[in-house]
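Presented below is the structure to which this report refers.
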Amino acid sequence: MRQLSVISYQLSVISYQLSVISYQLSVISYQLSVISYQLSVISYQLSVISYQLSNLSFQFTVYCLRKNPRKL
111 MRQLSVISYQ
121 LSVISYQLSV
131 ISYQLSVISY
141 QLSVISYQLS
151 VISYQLSVIS
161 YQLSNLSFQF
171 TVYCLRKNPR
181 KL
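Counted from 1, the sequence shown has number 133 at position 23 by my numbering; the numbering is strictly sequential.
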């Protein structure tokens with residue numbers, strides 16, 4: 111009888127440890143989703159910056175063509 115109670119206790123400890131691991135994994139999953147969202151925001155901002163730079167480059171080219179049409 112004592113051996114069964116020891117086994118039962120060990121199983122409850124294992125169950126508790128597994129629930130803690132499950133909780134930690136859910137926290138990690140949430141943190142990774144937050145990081146993923148932040149990276150997507152950064153990616154969007156970089157694409158906006160890239161678009162603005164290409165627009166500036168185009169405007170500068172047009173300006174140079176108007177200023178000195180023979181040189182370009």
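All residues carry an ideal CB built from backbone N, CA and C; glycine is no exception.
In this text, all values refer to a predicted model and were calculated from it rather than measured experimentally.
Straight-line gap, residue i to residue j (C-alpha atoms, nearest Å)
{"i": "Thr171", "j": "Ser139", "result": "48 Å"}
{"i": "Ile131", "j": "Ser122", "result": "14 Å"}
{"i": "Ser167", "j": "Gln155", "result": "18 Å"}
{"i": "Ser143", "j": "Ser129", "result": "21 Å"}
{"i": "Tyr147", "j": "Ser125", "result": "33 Å"}
{"i": "Val151", "j": "Arg112", "result": "59 Å"}
{"i": "Val92", "j": "Leu149", "result": "In this structure the chain extends from 111 to 182, so residue 92 is not present and cannot be described."}
{"i": "Ile159", "j": "Ser153", "result": "10 Å"}
{"i": "Ile145", "j": "Ser157", "result": "18 Å"}
Contacting residues, own chain, Cβ-Cβ under 8 Å from residue i (five flanking each side not counted)
{"i": "Gln169", "result": "none"}
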